[in-house]
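*Asks:* If you scroll down you'll find the structure; I have some questions about it.
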Amino acid sequence: MAVVNESWMESGACRGPASNLFYAPSLGERREVRHERENKAKSICQTQCPVRQNCLSYAITNRELFGIWGGLNESERKGLIGM
Ligand code: SF4
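Anchor point for the sequence shown: position 54 equals 135 in my numbering, and the numbering is continuous, going up by one each time.
Printed below as a string of structure tokens:
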């Protein structure tokens with residue numbers, strides 16, 4: 082069985098107080114609120130995160146269905162892999 086190294090997660094810029102930006106609240110949110118939240122999260126991925134490529138690869142490999150990973154939301158990841 083292959084050993085999966087997920088140690089990169091320890092270096093993600095989404096850890097800490099900003100972590101709530103990366104997933105929709107369980108009660109849902111209006112489109113414009115979602116757009117604003119996602120843009121803030123993507124900005125963190127794009128400007129502050131040293132493990133963005135690891136994160137995006139992981140999300141695509143594991144078909145993560147929810148949240149911002151590697152600077153992309155669910156729809157953008159699906160588009161990337163042609164789903
Ligand atoms: S790329 Fe974004 S979601 Fe992935 S670890 Fe970095 S900050 Fe978190």
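Backbone N, C-alpha and C fix where the C-beta goes; we use that ideal spot for every residue, glycine too. No experiment lies behind these values; they were computed from the predicted model shown.
Could you give the residue range of the alpha helix (DSSP H) that holds E113?
*Replies:* Residue 113 sits at position 32 when you count from the first residue of the sequence shown. Segment 112–129, the alpha helix (DSSP H) holding E113.
*Asks:* Comparing C-alpha positions only, which one of L161, T128, P131, Q127 sits nearest to T142?
*Replies:* Position 61 of the sequence shown, counted from the first residue, corresponds to residue 142. Among L161, T128, P131, Q127, the Cα nearest to that of T142 is on L161.
*Asks:* What distance in whole Å lies between the Cβ atoms of A140 and G151, which are believed to be in contact at a cut-off of 8 Å?
*Replies:* Mapped onto the sequence shown, residue 151 falls at position 70. Mapped onto the sequence shown, residue 140 falls at position 59. Contact holds; Cβ gap of about 6 Å.
*Asks:* Looking at G97 and the ligand SF4, is the gap between the Cβ and the nearest heavy atom below 8 Å?
*Replies:* In the sequence shown, the residue the question calls residue 97 occupies position 16. No, the Cβ of G97 stays beyond 8 Å of every heavy atom of the ligand SF4.
*Asks:* Quick one, are the C-beta atoms of G248 and V132 less than 9 Å apart?
*Replies:* This structure gives no information on residue 248, because the portion of the chain shown stretches from 82 to 164.
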